[in-house]
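The opening position of the sequence shown corresponds to residue 547 in my numbering, with each subsequent residue numbered one higher. Built from N, CA and C at the ideal position, the CB exists for glycine as well.
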Amino acid sequence: MIIRDMNKPPSDNSLYNLCCNVDVLLLDEVGAEDKTAVVWGNRCTPLQDILVYRYDRRRITVLSSNCDNGDLLDRYGERVMDRIRESYTRVLFSHESYRTIE
547 MIIRDMNKPP
557 SDNSLYNLCC
567 NVDVLLLDEV
577 GAEDKTAVVW
587 GNRCTPLQDI
597 LVYRYDRRRI
607 TVLSSNCDNG
617 DLLDRYGERV
627 MDRIRESYTR
637 VLFSHESYRT
647 IE
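Structure follows, in structure tokens:
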């Protein structure tokens, strides 16, 4: 949805801008999105940009992911992972997924 919104004319009320500036942001399934997008003919990395923007401004961001640290490092690079390691508290859920329970 963010990428579709970024392909519209720029606006202060765009989903991208709201994700950057809202007081608390929860992002689910981090790592499942497309890594890059083409916006106005330019390749961009919206999730990385949002995370770095929010980190620099000390905004609360909650991430949910099935990826481990190695997967996130491969996907987002050392710059973003350094910020995640520094400013996030990792909570592991070791119980069985409700999606696999019959």
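Item: Per DSSP, what kind of secondary structure is L638 in: helix, strand or coil?; Value: coil
Item: Look up V570 in the DSSP assignment and say whether it is helix, strand or coil.; Value: strand
Item: Measure the C-alpha to C-alpha separation of V568 and M627 and round it to an integer number of angstroms.; Value: 22 Å
Item: Under the three-state reduction of DSSP, which class applies to R645: helix, strand or coil?; Value: coil
Item: For R621, count the other beta carbons within 10 Å of its own beta carbon; 16 or more makes it buried, fewer makes it exposed. Which is it?; Value: buried
Item: In three-state terms, what does DSSP make of C565?; Value: helix
Item: Between which two residues does the alpha helix (DSSP H) harbouring N615 extend?; Value: N615 to S633
Item: Is the CB-CB distance between E575 and L593 below 8 Å?; Value: no
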